[in-house]
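Residue numbers (this note's numbering), protein chains in the order written: chain A, 6 to 244; chain B, 161 to 267.
For glycine and all other residues, C-beta sits at the position ideal for the given N, C-alpha and C.
Encoded structure:
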C-alpha cells in the first residue's frame, strides 16, 4: 500500500477524521453522565462503564434499569441483545481487515460502534485510508466518549440542550455516510427496503432487534436481486 | 466501588465485546464465498438506512409513527445536500444549522 505509515501522519489523519463523532458524542456523553450521576454512580464508576462497555444506547438502558432496581443478569442480557447489531458491522469490516494479526483485530474489535463503523467503512474505499488510521479514529472516539460521560458525571451539563443543533451532528453524519454507500441502483433499492422494514419492525416490536432484522432481510434481498439481474443478462434479456 | 457494580460492568463489557470480536476473527483471514461477499457489501447501506429512518419518523418510549418532527423535516434537505456535495463536513455543519433553526419553530 502506498499510504504513509509515518506515525504522526497516521495519528493526525485518524484524529481529524473523528471530529463529527466527537462532536456528536459530547452532548450524548454529558447527558449520560448526568443521568448516571442522578442514579447514584460516581464519576469513576461512570468512566469504568464507558471504558469497558463503550456502547451509548446500551449504557443508557443499563442505567435506567439500575435505577429501577433491576438485577445484574437482566441488565447484562439486555446489553447483549441491544449490541448484537455489531455482529453485522464486524462481519462487514472483516473484508477490509484481511491479514491483520489476532492482537490488532482484538484491539480493533473493541472500537466498533455504529459511528466508527459508518465512518471507517466509507473511508476504507479511499486509497488514503488503512487500518492504522481506522484504529486511531476508533480510539479518538472512545476517548471522547469516556471523557464526556465522566464530565457529565461531575454534574456538568455544560452544553445547553439543543445548542447549535449539536444533537443533530450524528444523524447528519449517518445521512451523508448512507449517501456515500450508494453506488448504484441496487444499493438504493436495498436502502429503501431496509429503511421501510426497520420502521415497520420498530413499530411492531419493542427493543432494537429491528436493526438486525431489517438489515439481514434487505441485504439478502439485495443478493438475490443482483444474481437474478445477472441471470437475466446472461440469458439474453433486454440489454 | 462496589464489587457488584464491577461484576455488572465486566459482564456488560464481555457481552458487548464478543459480537464485535467473533466475526472479525472468523472472517478476516479466510477466503469468503462470493455470495457472502455480495451480502456483506450490502450490509453498510442496509444498516445505515435501518438506523436512520426509524429515528426520524418514530417517537416516544412505546414507539409510534410521527412524521411531523424537526428531525425528519431537516433530514430531507440534508440528504439532498449530501447527495449533491458528497461532503461529510459540509453535511454535518448544514445539518446542525438547519436543526438548530428548525428547533426555534417547534416550541
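Check, Outcome
"Compute the distance between the beta-carbons of residue 27 (chain A) and residue 224 (chain A), then report whether it is under 7 Å.", "no"
"Say whether chain A places a C-beta atom closer than 7 Å to the C-beta of residue 232 (chain B).", "no"
"Closer than 7 Å, Cβ to Cβ, to anything on chain B: give me those residues from the stretch 174–200 of chain A, in chain order.", "174, 176, 177, 178, 179, 180, 181, 182, 183, 184, 185, 186, 187, 192, 195, 196, 199, 200"
"Identify which residue in A:141, A:91, A:178 has its Cα closest to the Cα of residue 247 (chain B).", "A:178"
"Between residue 227 (chain A) and residue 202 (chain B), how many whole angstroms is the CB-CB distance? I'm expecting something under 8 Å.", "4 Å"
"Going by the DSSP bridge assignment, what does residue 224 (chain B) pair with across the sheet?", "B:219"
"Residue 220 (chain A) touches chain B at which residues, Cβ-Cβ below 8 Å?", "203, 206, 207, 210"
"My output table needs one value for residue 125 (chain A): the three-state DSSP class, helix, strand or coil.", "helix"
"Determine the contact status of residue 200 (chain A) and residue 256 (chain B), defining contact as a CB-CB distance below 7 Å.", "no"
"Among A:137, A:76, A:126, A:108, which residue has its Cα nearest to the Cα of residue 169 (chain B)?", "A:76"
"Should residue 193 (chain B) go down as buried or exposed, given a rule of 16 or more other Cβ atoms within 10 Å for buried?", "exposed"
"When the cut-off is 7 Å and only beta carbons count, does residue 121 (chain A) lie next to chain B?", "no"
"Determine whether the Cβ of residue 220 (chain B) lies closer than 7 Å to any Cβ atom of chain A.", "no"
"Taking 6 Å as the cut-off, does the CB of residue 234 (chain A) come closer than this to any heavy atom belonging to the ligand ZN?", "Because no ligand of any kind appears in the structure shown, any question about the ligand ZN cannot be addressed here."
"Answer with buried or exposed for residue 216 (chain B), where buried requires no fewer than 16 other C-beta atoms within 10 angstroms of its C-beta.", "buried"
"Confirm, please, whether the CB-CB distance from residue 213 (chain B) to residue 203 (chain A) is below 7 Å.", "yes"
"Mind checking if residue 97 (chain A) is an interface residue toward chain B, Cβ cutoff 7 Å exclusive?", "yes"
"Counting only C-beta atoms, is residue 84 (chain A) closer than 7 Å to chain B at any point?", "yes"
"Please report the straight-line C-alpha distance between residue 265 (chain B) and residue 222 (chain B), rounded to a whole angstrom.", "25 Å"
"Out of curiosity, what's the CA-to-CA distance linking residue 224 (chain B) and residue 230 (chain B)?", "16 Å"
"What residue from A:60, A:89, A:114 has the CA that sits closest to residue 101 (chain A)'s CA?", "A:114"
"Is the CB-CB distance between residue 133 (chain A) and residue 210 (chain B) below 7 Å?", "no"
"Assuming residue 42 (chain A) is part of the alpha helix (DSSP H), what are its boundary residues?", "24–43"
"Whose C-beta lies closer than 6 Å to the C-beta of residue 218 (chain A) among residues of the same chain, with five residues either side of it excluded?", "206"
"Going by CA-CA distance only, name the one from A:194, A:54, A:185 that's closest to residue 244 (chain B).", "A:185"
"Between residue 174 (chain A) and residue 252 (chain B), which are expected to be in contact by the criterion C-beta below 8 Å, what is the C-beta distance as a whole number of angstroms?", "6 Å"
"Taking the Cβ atom as the reference point for each residue, do residue 96 (chain A) and residue 187 (chain B) lie within a distance shorter than 7 Å?", "yes"
"If I'm right that residue 63 (chain A) touches residue 172 (chain B) with Cβ under 8 Å, what's the distance once you round it to whole angstroms?", "7 Å"
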